[in-house]
Amino acid sequence: MAERRKLFDRDSRDRESFHGSDGGKLARDTKYDDPPNSRLFIVCGKTVTEEDFRESFEKYGTIEEIWVVKTRTTGEPKGVAYIKFSKTSEAALAMEEMNGRCIGSHPRPLKVLIAHSRDQGSRRDMNEEERLLRLFVVVPKSMTEKDVREQFAQFGDIDYVSIVKDRVTKESKGFAYIKYHRPSHAAKAFEGCDRSFKPVFAEPKPQKSTEMADRFNGPLPHPKGASHDNPFHHYDGLHIGSEGTYTRLEVIASPQLNWDQLWRLFDLIPGLDYCHLHDDPKNRMYKGHATVVYNTPQSAAYAKEKLHGFEYPPGQRLIVKPDYSRQSDLPGAFRHGNCGMHPPSTPFSRIPPTGAMHPPPPPLPAGAQTMASGSEMGLGNISLVPPHHQLTSNGPSSSLGGTRAGNLQNDLAALVETIAQATSLIQAAGLTSVMNKAGLNTGGPQGAGDAHGSQQKMLGETYDPAYCSAKLPPPQPLAPIDSEVALRLFIVCQPTPPPMYALKDVFGRFGNLIDVYILSWKSCGYAKYASKESAENAIATLHGQEICGSRMKVMPAEPNEKADSSRKRIKVSKDDE
DNA sequence: CGACGGGACGC
DNA sequence: CGACGGGACGC
Numbered sequence: 001m002a003e004r005r006k007l008f009d010r011d012s013r014d015r016e017s018f019h020g021s022d023g024g025k026l027a028r029d030t031k032y033d034d035p036p037n038s039r040l041f042i043v044c045g046k047t048v049t050e051e052d053f054r055e056s057f058e059k060y061g062t063i064e065e066i067w068v069v070k071t072r073t074t075g076e077p078k079g080v081a082y083i084k085f086s087k088t089s090e091a092a093l094a095m096e097e098m099n100g101r102c103i104g105s106h107p108r109p110l111k112v113l114i115a116h117s118r119d120q121g122s123r124r125d126m127n128e129e130e131r132l133l134r135l136f137v138v139v140p141k142s143m144t145e146k147d148v149r150e151q152f153a154q155f156g157d158i159d160y161v162s163i164v165k166d167r168v169t170k171e172s173k174g175f176a177y178i179k180y181h182r183p184s185h186a187a188k189a190f191e192g193c194d195r196s197f198k199p200v201f202a203e204p205k206p207q208k209s210t211e212m213a214d215r216f217n218g219p220l221p222h223p224k225g226a227s228h229d230n231p232f233h234h235y236d237g238l239h240i241g242s243e244g245t246y247t248r249l250e251v252i253a254s255p256q257l258n259w260d261q262l263w264r265l266f267d268l269i270p271g272l273d274y275c276h277l278h279d280d281p282k283n284r285m286y287k288g289h290a291t292v293v294y295n296t297p298q299s300a301a302y303a304k305e306k307l308h309g310f311e312y313p314p315g316q317r318l319i320v321k322p323d324y325s326r327q328s329d330l331p332g333a334f335r336h337g338n339c340g341m342h343p344p345s346t347p348f349s350r351i352p353p354t355g356a357m358h359p360p361p362p363p364l365p366a367g368a369q370t371m372a373s374g375s376e377m378g379l380g381n382i383s384l385v386p387p388h389h390q391l392t393s394n395g396p397s398s399s400l401g402g403t404r405a406g407n408l409q410n411d412l413a414a415l416v417e418t419i420a421q422a423t424s425l426i427q428a429a430g431l432t433s434v435m436n437k438a439g440l441n442t443g444g445p446q447g448a449g450d451a452h453g454s455q456q457k458m459l460g461e462t463y464d465p466a467y468c469s470a471k472l473p474p475p476q477p478l479a480p481i482d483s484e485v486a487l488r489l490f491i492v493c494q495p496t497p498p499p500m501y502a503l504k505d506v507f508g509r510f511g512n513l514i515d516v517y518i519l520s521w522k523s524c525g526y527a528k529y530a531s532k533e534s535a536e537n538a539i540a541t542l543h544g545q546e547i548c549g550s551r552m553k554v555m556p557a558e559p560n561e562k563a564d565s566s567r568k569r570i571k572v573s574k575d576d577e
C-alpha cells in the first residue's frame, strides 16, 4: 500500500523526481504505455503493410508509431503489429472500429486489441476487457453513486458506479469505481473528467464470477456463454468443421446501429431466427458486435454473401462472417470472403430492394441503449468542435459549469493553458508586440481583465496576465515541495475556482509558494508559502481581486485541528532522513 | 459566506 | 494460434 501510493503521485514535481531516480525501466514503460492503454496490438495478415495501417488508422487520432513486427533474422513478417496513439481514447476508438475489419490486400480480418504493457507480454488470463472499462476515481465523500453517475454519464453509457464504503458505518471512503460498456467511453472519461477525480484505470478484480451477467443475458440462447470472459477464447464445444454448415453469423457493424436496424437488415434474407446485439461487453466484444442466426445454412451463407462488405450506414462497412464458435479468425473461414482491396461497394443491388434498407440509420437511435443514451449523443460533437470558436465567443470561466459541457470545458482549459504557456514563452523572448498582434491574449473575458490587458499591450513592459485584475509581480520559481510551511492561506473563489494554471501562476508570483490547491468540488482551497512575507504580499495584492472572472478572498488559514496533532508527529518520527 | 489533499472493491 | 525493433537531442 505504501509503495502503491507513490504511483498515485499527484504533483508534477513528485513525478519528475520519481522518474529521475528511476534506473530506466519506468522510462521505457512510460514510453510505450503513456498515456495508459494508448497502444494497439494487432494480429493481421502477413502482407499488411505500415502504409495499410496508416491509411486506415490515422483517422482515429495522432499516430505516434506504427511497427509491423518482423522476425529479426529473416525479416519475415509475423502477422503482428503495434500502433501507438497519442491518446487513450484514440486507441480505444480505433480498436472498436477496426477490430474485425480487413485492410490492405489481405483477406484476414484484423484482430485489434489494446496492447498490454511490455513486461506483461501476452498474458490473457484475467478479465481481459475489464481493464479497459473500469475507472477508479477519487470522489468527495459527500458524493453518492447517483452524483458520480451524473458526472460521468456525459462520456457514455455507464454499467455501474460503485462507491467504496466503510463496511460498518457505510460511509463513503472517498473513492469509486465506474464501469462503462465501451472502452472508448471509459477512455473519454479518463481524459475528460474533472482532474480532481484523479482517474486511473482500475486494476481488474482478481477473478470474479460473472453469474450476475449471465442472469441478465436473459432468454437468448448463448452457446458460448461459458467462455465469455475472454472475447477471443476458443470454444471447442460447437465446432463446425466444414464450409456451408453454419447457421450462425458474427456481425461487426457500426456501433451506432441499433438492434432494430440490424434485424431489419438481416431479415431481408428469409429464415432469420434471431439477432442479438452484444451490448453486454462480457459476451464476445462490444457494441456493434452482433450474432445473427438463420434457420438454414443456406440462408446464413446467403446473408454472408450479400451483406458482408455492405456499407451500412454509408461509409461503415459491415463485417459478416460465419460464427465458427470463436475460431472466426481462422483464415479458412474467409475463403470466399472478398473483403480486402475491393469489397463490393453495393451488394445492395443484388438484394431484393425493400424500403427497410433505404433509410440510413438515424444518428443515434433512442432506446437502443440502456441508460443515459441521451447524454451520449452529443459526445462526438463536443470533442470535434474547434475549441477556439468557443473561446472567442464565450470565454473559459462562467456559463460552462453544466455537466454536458464538461468535455468542452476540458478542451477549453487545455487550449487556454497552451496559449498561456505560449504567451509566457513569447513574453520571455521579448516578443510581446508579436503576441498582441496575433491576438494571443490569454483570454480573460471579463471587463476588468480586458481593460488591464489592453493597458499592458500599450506598455508592453511587464507581463500581467489578462486573467487577473491585480497588478502582479513577475513570475517566480516555486519553493521546494518539502519546504516548511511558514504561512498557509485560505482562498475562497466566487463563484467558481479559476483553472489551476492561473492559480499557480498568480499565487506563485509572490515567491516561495509551496503549493496551491482547491478542494475538489468546493470553491475554496489553500496556498502554502515557505515565507511569511510572500504569503502576506499575496494577501495584500490578491484579496478581493479577480482571477479568470472569479473574485478571490485570500486570508490566513485557520490551522487544521484534525491533521495537526496526530498526523504530524507520526510523519516526523517516520520520515527521518 | 467558505475549511482540510483522499486511493482499491464484503470473492 | 498472436506480444515487443530501431534509432538516438546537433553539424
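FYI, the numbering used here numbers position 562 of the first sequence as 562, with every residue one higher than the one before it. Glycine residues also receive a C-beta, built at the ideal position from the N, C-alpha and C atoms.
query: Given 8 Å as the limit, is there contact between the stretch 160–178 and the stretch 61–69, that is, 3 or more CB pairs closer than that?; result: no
query: So Val98 packs on Ser56, CB below 8 Å; how close in whole Å?; result: Note on identity: in this sequence residue 98 is Met, with Val being the wrong assignment. 6 Å between Cβ atoms; contact.
query: Kindly indicate the opening and closing residues of the alpha helix (DSSP H) around Trp259.; result: Trp259 to Phe266
query: Select from Pro498, Cys44, Asp505 and Lys304 the residue whose C-alpha is nearest the C-alpha of Pro477.; result: Asp505
query: To the nearest angstrom, how far is it from the Cα of Thr291 to the Cα of Ala303?; result: 12 Å
query: Give a yes or no on contact between the stretch 472–492 and the stretch 513–521, applying the rule of three or more CB pairs nearer than 8 Å.; result: yes
query: Look at Ser469 and Pro497 and say whether their C-beta atoms are less than 9 Å apart.; result: no
query: Pick from His185, Glu76, Pro297 and Phe510: whose alpha carbon is nearest that of Leu472?; result: Phe510
query: Assuming Tyr180 contacts Asp157 (C-beta within less than 8 Å), just tell me the rounded distance between them.; result: 7 Å
query: From Ser38 to Glu533, what distance separates their C-alpha atoms?; result: 46 Å
query: Distance check for Ala530 and Met555, CA to CA, integer angstroms please.; result: 16 Å
query: I'd like the ranges of any beta strand (DSSP E) spanning at least 3 consecutive residues and lying wholly in the stretch 118–154.; result: 134–138
query: For Phe490, which residues does DSSP report across the bridge?; result: Tyr526 and Met555
query: Between the Cα of Leu503 and those of Glu50, Ser520, Ala527 and Arg488, spot the shortest distance and give me the residue it belongs to.; result: Ala527
query: Just to confirm, is the Cβ distance from Arg248 to Pro322 under 9 Å?; result: yes
query: Between which two residues does the alpha helix (DSSP H) holding Gly508 run?; result: Met500 to Gly508
query: Here's the rule: buried if 16 or more other CB atoms are within 10 angstroms of the residue's CB, otherwise exposed. What is Gln154?; result: buried
query: Take Ser142 as the anchor and find which of Ala535, Trp521 and Asn560 has the nearest alpha-carbon.; result: Trp521
query: So, at 6 Å on beta carbons, what are the nonlocal neighbours of Val492 in its own chain, with the 5 sequence-adjacent residues on each side left out?; result: Cys524 and Lys553
query: To the nearest whole angstrom, what separates the beta carbons of Asn295 and Asp273, a pair I think is in contact under 8 Å?; result: 5 Å
query: Classify Glu561: buried if its beta carbon has 16 or more other beta carbons within 10 angstroms, exposed otherwise.; result: exposed
query: List the endpoints of the continuous alpha helix (DSSP H) containing Gly192.; result: Pro183 to Gly192
query: Use the C-beta contact count for Leu519: other C-beta atoms within 10 angstroms, 16 or more gives buried, fewer gives exposed.; result: exposed
query: With DSSP as the reference, label Thr291 as helix, strand or coil.; result: strand
query: What's the gap between the Cα of His336 and the Cα of Pro297?; result: Residue confidence is low: His336 scores 35 on pLDDT, short of 50, so the model does not pin down where it sits. Its coordinate-derived value is still stated next. Going from the Cα of His336 to the Cα of Pro297 covers about 15 Å.
query: Identify, in the order they occur along the chain, each residue of the same chain with its Cβ nearer than 6 Å to the Cβ of Lys84, setting aside the five sequence neighbours on each side.; result: Arg39, Glu64 and Glu65
query: Check for me: the beta strand (DSSP E) holding Ala466 runs from which residue to which?; result: Looking at the DSSP string, Ala466 is not in any beta strand (DSSP E), and its letter there is neither H nor E.
query: DSSP state of Glu561, grouped into three classes?; result: helix
query: Taking the CB atoms as reference points, tell me whether Val43 and Gly79 lie closer together than 9 Å.; result: yes
query: Are the beta-carbon atoms of Gly288 and Gln261 separated by less than 9 Å?; result: no
query: Would you identify the three-state DSSP class for Asp157, choosing helix, strand or coil?; result: coil
query: Excluding sequence positions up to five away, which residues of its chain have a Cβ less than 7 Å from the Cβ of Pro36?; result: Thr88 and Phe201
query: Do you know how far the Cα of Pro313 is from the Cα of Phe507?; result: 53 Å
query: Arg72: buried (16+ other C-beta within 10 angstroms of its C-beta) or exposed?; result: exposed
query: Need the endpoints of the beta strand (DSSP E) that Ile514 sits in, please.; result: Leu513 to Ile518
query: Cutting at 8 Å between CB atoms, please list the residues of its own chain near Arg134, excluding the five before and the five after it.; result: Tyr177, Ile178, Lys179, Tyr180, Ala186, Phe201, Ala202 and Pro204
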